[in-house]
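In the working numbering, the protein residues as written are 3 to 66. Backbone N, C-alpha and C define an ideal beta-carbon position, used for all residues, glycine too. Since this is a predicted model, take the numbers as computed values, not measurements.
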Amino acid sequence: MNKPAGKSSSYQATLTDRDSWRGTVSFGDPGPLLERLAPGDQVTATAWRRDIVMLSKNGVRQNT
């Protein structure tokens, strides 16, 4: 999880998949899921119209 420098209240997570795709998703706050993630954790991403709109892990979900 990275919080961009400055006064922004945006949080980001960088995602990759086994096919070498890499992308970044933004969040307005770190909870409830983003604050629990560590590098290398596996999550499920939900996409809508080619955008990732939610991440989930172990029943905890967070909208992007």
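| Item | Value |
| --- | --- |
| DSSP beta-bridge partners for Gln64? | Leu57 |
| Could you tell me the alpha carbon to alpha carbon distance between Gln64 and Arg24, rounded to whole angstroms? | 19 Å |
| Have a look at the DSSP bridge pairing and note the partners of Trp50. | Asp53 |
| So, helix, strand or coil for Arg24, using DSSP? | strand |
| Which residues bound the beta strand (DSSP E) around Ala15? | Tyr13 to Thr18 |
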